[in-house]
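*Asks:* The structure is given below, and queries will be raised subsequently.
In our numbering, the protein residues as written are 608 to 825.
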């Protein structure tokens with residue numbers, strides 16, 4: 608059971624931290640850096656996807672790569688907390704490992720788009736914290752997409768054409784981070800995570816703890 612501060616009398620339910628952004632704005636890099644710095648208390652929700660694996664990706668680490676037939680079967684069984692079709696491919700977050708992590712007091716980070724975030728808001732409600740990552744400019748966004756050299760010029764153009772629509776959903780999120788400098792952005796996300804862990808509603812055993820503190824004062 609995860610604890611709040613250093614007091615073993617106080618436990619905490621885990622939370623779902625969603626990072627969304629237009630493609631290329633940095634949500635995946637920030638997510639990986641966050642998990643690296645936070646250690647065992649935070650884990651990434653590894654999505655299922657029907658798209659092809661890129662050369663630098665590993666099945667089970669970056670995504671669970673599945674066929675469209677297998678994805679459809681999982682969706683029909685209700686195995687996903689959220690799923691959406693993005694750029695012609697399906698993505699979905701498995702339900703069971705996420706719910707187990709929350710019950711155990713571990714935090715789960717989601718690197719998903721606004722459609723998935725909306726579905727999670729309906730599925731988990733009070734467990735959800737949402738951060739939207741914005742690029743410092745459209746020029747910087749396009750340069751990042753070109754620099755990562757993962758997509759053809761046509762795909763880069765398609766991603767840029769959809770960026771404005773994706774960014775229009777920023778007001779559905781609890782927090783907004785402008786990713787001007789990676790390490791600063793990571794620290795801002797960590798600050799949100801630290802604050803959200805201290806929300807009264809997430810703490811277990813708080814009422815008994817406070818009663819114990821005040822028992823001798825009345």
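Glycine included, C-beta positions come from ideal geometry on N, C-alpha and C.
1) Could you tell me the alpha carbon to alpha carbon distance between residue 624 and residue 763, rounded to whole angstroms?
2) If I measure Cβ to Cβ from residue 638 and keep anything under 7 Å in the same chain, skipping five residues before and after, which residues do I get?
3) With a floor of 4 residues, list each alpha helix (DSSP H) that falls wholly inside the stretch 679-759, ordered by position along the chain.
4) How would you write the range of the alpha helix (DSSP H) that residue 642 sits in, first residue to last?
5) Of all the options 823, 698, 779, 773, which has the alpha carbon lying nearest to the alpha carbon of residue 660?
6) Going by C-alpha distance, which of 812, 740, 769 is nearest residue 777?
7) Going by CA-CA distance only, name the one from 737, 655, 683 that's closest to residue 622.
8) Using the Cα positions of residue 591 and residue 797, report the straight-line distance between them to the nearest angstrom.
9) What first and last residue would you give for the beta strand (DSSP E) that runs through residue 627?
10) Between the alpha carbons of residue 752 and residue 822, how many angstroms are there, rounded?
11) Please give me, in chain order, every unbroken run of the beta strand (DSSP E) with length at least 3 that falls completely inside the stretch 752-803.
12) Could you please give the first and the last residue of the uninterrupted beta strand (DSSP E) stretch that includes residue 649?
13) Does the distance from the C-beta atom of residue 792 to that of residue 633 stay below 8 Å?
14) I'd like to check one pair, residue 678 with residue 701: are the Cβ atoms closer than 8 Å?
15) In terms of alpha-carbon separation, which member of 631, 641, 709, 663 lies closest to residue 809?
16) When we look at the beta-carbon of residue 614 and count the other beta-carbons within 10 Å, is it buried (16 or more) or exposed?
17) In angstroms, rounded to a whole number, what distance separates the CA positions of residue 815 and residue 669?
18) Expressed to the nearest angstrom, what Euclidean distance is found between the alpha-carbon atoms of residue 784 and residue 799?
19) Whose C-beta lies closer than 7 Å to the C-beta of residue 672 among residues of the same chain, with five residues either side of it excluded?
20) For the alpha helix (DSSP H) containing residue 817, name the first residue and the last one.
21) Quick check: what's the CA-CA separation for residue 713 versus residue 744?
22) When we look at the beta-carbon of residue 820 and count the other beta-carbons within 10 Å, is it buried (16 or more) or exposed?
*Replies:* Well, looking at it:
1) Position 17 of the chain shown, counted from the first residue, corresponds to residue 624. Position 156 of the chain shown, counted from the first residue, corresponds to residue 763. Going from the Cα of residue 624 to the Cα of residue 763 covers about 27 Å.
2) Reading the chain shown from its first residue, position 31 is the one you call residue 638. Cβ within range, chain order: 626, 651, 716, 718.
3) The stretch 679-759 contains these whole alpha helix (DSSP H) runs: 702-710, 721-731, 745-754.
4) The residue labelled residue 642 in the question sits at position 35 within the chain shown. Residue range 634-645 is occupied by the alpha helix (DSSP H) that includes residue 642.
5) Position 53 of the chain shown holds residue 660. Nearest C-alpha to residue 660: 698.
6) One-based indexing of the chain shown puts residue 777 at position 170. With distances taken between Cα atoms, residue 777 lies closest to 740.
7) Residue numbering aside, residue 622 sits at position 15 when the chain shown is read from its first letter. Of all alpha-carbon atoms in 737, 655, 683, the one lying nearest the alpha-carbon of residue 622 is that of 737.
8) In the structure displayed, the chain extends from 608 to 825; residue 591 sits before or after that span and is not available.
9) Translated into positions along the chain shown, residue 627 becomes position 20. Start and end: 623-627.
10) Stepping through the chain shown from its first residue, residue 752 is reached at position 145. Stepping through the chain shown from its first residue, residue 822 is reached at position 215. Computed Cα separation, rounded: 60 Å.
11) If we require 3 residues or more, the beta strand (DSSP E) runs fully inside the stretch 752-803 come out as 782-785.
12) Within the chain shown, the letter at position 42 stands for residue 649. Taken as a continuous stretch (DSSP letters only), the beta strand (DSSP E) holding residue 649 covers 649-651.
13) Looking up residue 792 in the chain shown gives position 185. Looking up residue 633 in the chain shown gives position 26. Yes, the pair counts as a contact, with Cβ atoms nearer than the cut-off.
14) For the purposes of this step, residue 701 is identified with residue 94 of the chain shown, where counting begins at 1. For the purposes of this step, residue 678 is identified with residue 71 of the chain shown, where counting begins at 1. Result no, Cβ atoms of residue 701 and residue 678 do not sit closer than 8 Å.
15) Numbered from its first residue, the chain shown carries residue 809 at position 202. If we check each option's Cα against that of residue 809, 709 comes out closest.
16) If you number the chain shown from 1, residue 614 lands on position 7. Exposed: under 16 other Cβ atoms inside 10 Å.
17) Counting from one through the chain shown, the residue named residue 815 turns up at place 208. Counting from one through the chain shown, the residue named residue 669 turns up at place 62. When rounded, the distance between both Cα atoms is 41 Å.
18) Translated into the one-based positions of the chain shown, residue 784 becomes position 177. Translated into the one-based positions of the chain shown, residue 799 becomes position 192. Their backbone Cα atoms lie some 10 Å apart in a straight line.
19) As a first step, residue 672 is located in the chain shown; it is residue number 65 there, counting from the start. The residues are 656, 660, 666.
20) For this step, residue 817 is matched to residue 210 along the chain shown. First-last of the alpha helix (DSSP H) with residue 817: 813-821.
21) Along the chain shown, one-based indexing puts residue 713 at 106. Along the chain shown, one-based indexing puts residue 744 at 137. Here the alpha carbons of residue 744 and residue 713 stand approximately 35 Å from one another.
22) Reading the chain shown from its first residue, position 213 is the one you call residue 820. By the neighbour-count criterion, in which a residue is buried when 16 or more other Cβ atoms sit within 10 angstroms of its Cβ, residue 820 is exposed.
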